[in-house]
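Here's the structure, in structure tokens; my notes come after.
Residue numbers (the working numbering): 6 to 134.
Put into structure tokens, the structure is as follows:
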């Protein structure tokens, strides 16, 4: 049966967000000529943040509840999402917030993945396996 690795999906969404925020404005400045405006589109930006948050929270919740019971991935992820939201509200500091935000989000997913792989699956009665 095919299983989705939500940590890998979360990492991919975070990297896609970083590429969008850092590279797209440099390469795709001609998009508004064609009526496409995703470069400073607030709805699109918040949609990307919400997508990353939804995928990340699902993945981290699954890892926490079913495998490792460690809060550190959730804490790193939460700080990363907060930094992404700060990036949106302070346009002059985009890269100052973006780089640590994406780093923390990717680190949270990587840590969650590694913790899930190390878990001995013999925890307390709240485990679902």
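We treat Cβ as the ideally placed atom computed from N, Cα and C, and that holds for glycine.
The model shown is predicted, which means the values in this text are computed figures rather than measured ones.
Collapsed DSSP secondary structure at residue i in the structure displayed
i: residue 142; result: Within the shown structure, residues of the chain are numbered from 6 to 134, placing residue 142 beyond reach of any answer.
i: residue 82; result: helix
i: residue 8; result: coil
i: residue 46; result: coil
N-terminal and C-terminal residue of the alpha helix (DSSP H) that residue i is part of
i: residue 70; result: That residue, residue 70, is in no alpha helix (DSSP H); it is neither H nor E in DSSP.
i: residue 98; result: Note, residue 98: premise wrong, no alpha helix (DSSP H); not H, not E.
Sub-7 Å separation of residue i and residue j beta-carbons
i: residue 73; j: residue 120; result: yes
i: residue 14; j: residue 84; result: no
i: residue 107; j: residue 82; result: no
i: residue 78; j: residue 103; result: no
i: residue 57; j: residue 22; result: yes
Rounded straight-line distance, which links the Cα of residue j to that of residue i
i: residue 49; j: residue 12; result: 23 Å
(message) Within 8 Å, do at least three Cβ pairs link the stretch 94–102 to the stretch 66–80?
(response) no
(request) Pair every Cβ in the stretch 52–61 with every Cβ in the stretch 73–93, then say whether three or more of these pairs are closer than 8 Å. (result) Verdict: yes, contact present.
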